[in-house]
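Numbering (my numbering), first residue to last: 466 to 619.
Given below as structure tokens:
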């Protein structure tokens, strides 16, 4: 027996198929998440565009922001990708560490990246790999915005 009913949100549904319960959450007309056995996953391959990526402004940098492209909300379990933009002579935060592998891929501008005791000057179409546990940070050293992809593998 198949039953479909709407829950408290107008974008959330539960589907009953025999003894199985599937949760369904509509993100937009094209994309939805499905919950099976208590875990959320993506219905299909997901595409995120500039217009649909969630944008987070940087509080201390009026020209800066982050655009979230690939993360857990799309069903990615071991990968996150976001676009970061820094205004001239800004940095997103102090150097820090985490246990994931990370890559900064520079799209536009000039940046300085410090990884432990090494310093790298990066420009468009260059990248730096940051090993797990490394103390690292990035800074825009140019007079134009620095645009770069952040790729994090868990």
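A virtual CB, placed ideally from N, CA and C, is assigned to each residue, including glycine.
What you are looking at is a predicted structure, and each value in this text was computed from that prediction instead of being measured.
- Residue 598 holds the alpha-carbon nearest to the alpha-carbon of residue 563 among 537, 598, 531 and 536.
- About 12 Å separates the Cβ atoms of residue 549 and residue 568, ruling out a contact at the 8 Å cut-off.
- Secondary structure note for residue 547: its beta strand (DSSP E) is the uninterrupted segment 544-551.
- Contact between residue 605 and residue 553 holds, with the beta-carbon distance rounding to 6 Å and staying under 8 Å.
- Under the 10 Å beta carbon count, residue 557 is surrounded by 16 or more other beta carbons and is classified as buried.
- Residues 560, 562 and 581 of the same chain have their beta carbon placed closer than 6 Å to that of residue 600, with the five preceding and five following residues left out of the count.
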